[in-house]
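K.L.:
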Amino acid sequence: MNPQTTYTVQLENFSGPLDVLLGLIERDKLDICEISLATVTNDYLEYIRNTPLDPHQMNWFLTIASKLILVKSRALLQQEDLEEVDEDIQDLTEQLMALSTFKEASKKFSLNSQNQLIAAPKLLSHTQVIYTNIDANSLAQAMNSLGSSETIQKTPFRLKRQSSQAVRAELLKRLTNLQKIELNHIHTISSNPKETIALFMLILELIKTQKAQLCQGQNTHYIEVYA
Numbered sequence: 086m087n088p089q090t091t092y093t094v095q096l097e098n099f100s101g102p103l104d105v106l107l108g109l110i111e112r113d114k115l116d117i118c119e120i121s122l123a124t125v126t127n128d129y130l131e132y133i134r135n136t137p138l139d140p141h142q143m144n145w146f147l148t149i150a151s152k153l154i155l156v157k158s159r160a161l162l163q164q165e166d167l168e169e170v171d172e173d174i175q176d177l178t179e180q181l182m183a184l185s186t187f188k189e190a191s192k193k194f195s196l197n198s199q200n201q202l203i204a205a206p207k208l209l210s211h212t213q214v215i216y217t218n219i220d221a222n223s224l225a226q227a228m229n230s231l232g233s234s235e236t237i238q239k240t241p242f243r244l245k246r247q248s249s250q251a252v253r254a255e256l257l258k259r260l261t262n263l264q265k266i267e268l269n270h271i272h273t274i275s276s277n278p279k280e281t282i283a284l285f286m287l288i289l290e291l292i293k294t295q296k297a298q299l300c301q302g303q304n305t306h307y308i309e310v311y312a
């Protein structure tokens, strides 16, 4: 290589010594082996001379450079007894092979990600209902009726003191089984006033997240919740 010619490997992120070395080998379309390392040693040293590096980076690059100089000296000696592979050189070639494999896999993964079709999330499927006469006052009326409703026949179901997650799970199960329940009958699920209020708030949360529907009852002014 002409001593006035410089070679720079451009990467999006910091170029480490292995990145630079692999780039030189791939530039010349060489296999990753000891002979290839000897071939690109001068270019690698030229890269170090012409690239600003901080002390930490320079130490890293010089470590690889020392191995390349060993490779170059072995190639220049051309002695038959040098057929035995040096452990450091073998380790260097294995690291380069691993880096090459990783980069190739990254390219394929990136390409697959760009070509992959991502479907939009499915919305809750339900029959569209036009709600009338449902406002803050009707919700407040249903809320106030919880404490004043006449006692009606209760189903054999009672919530024990549980965490909010357990209460939510019980409520979803109950609504699924009932299909619908009038809001002012929530107290039939639990006789505990605090749990009844908690259930009311959970139903509002389900409606907000489209896990339940709110509509005007046909034969009553109360709100009904559908699972």
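Residue numbering for the sequence shown follows my numbering, starting at 86 and increasing by one per position.
Beta carbons: idealized from backbone N, C-alpha and C, even for Gly.
#1: Evaluate contact between the stretch 173-181 and the stretch 111-123, counting only Cβ atoms and requiring at least three cross-stretch pairs below 8 Å.
#2: Just mark LYS152 as buried or exposed, buried being the case when its beta carbon has 16 or more other beta carbons within 10 Å.
#3: Apart from the five residues just before and just after LYS157, which ones in its own chain have a Cβ nearer than 7 Å to its Cβ?
#4: Is the distance from the Cβ of ASP171 to the Cβ of LEU155 below 8 Å?
#5: Can you give the Cα-Cα distance for ASP116 and TRP145, rounded to whole angstroms?
#6: With DSSP as the reference, label ASN135 as helix, strand or coil.
#7: What are the start and end residues of the alpha helix (DSSP H) that includes ILE154?
#8: For the alpha helix (DSSP H) holding GLY101, just list the boundary residues, first then last.
#9: Please state the DSSP three-state secondary structure of LYS258.
#10: What does the Cβ neighbour count give for LEU107, buried or exposed, with the cut at 16 atoms within 10 Å?
#11: Buried or exposed: which applies to ARG112, given that a residue is buried once 16 or more other Cβ atoms fall within 10 Å of its Cβ?
P.N.:
In terms of the structure at hand:
#1: Flag = yes, the stretch 173-181 and the stretch 111-123 touch.
#2: By the 10 Å Cβ count, LYS152 comes out buried.
#3: Excluding its 5 nearest sequence neighbours in each direction, LYS157 has C-beta neighbours in its own chain below 7 Å: ALA123, THR126, listed in chain order.
#4: With respect to the 8 Å criterion, ASP171 and LEU155 are classified as neighbours on the basis of their beta carbons.
#5: In this structure, the CA atom of ASP116 is about 23 Å from the CA atom of TRP145.
#6: Three-state result, ASN135: coil.
#7: Annotation for ILE154: the continuous alpha helix (DSSP H) segment containing it runs 140-162.
#8: Under the DSSP assignment, GLY101 falls outside any alpha helix (DSSP H); it carries neither an H nor an E label.
#9: Secondary structure of LYS258 (DSSP, three-state): helix.
#10: Buried.
#11: Looking at its Cβ environment, which holds fewer than 16 other Cβ atoms inside 10 Å, ARG112 is exposed.
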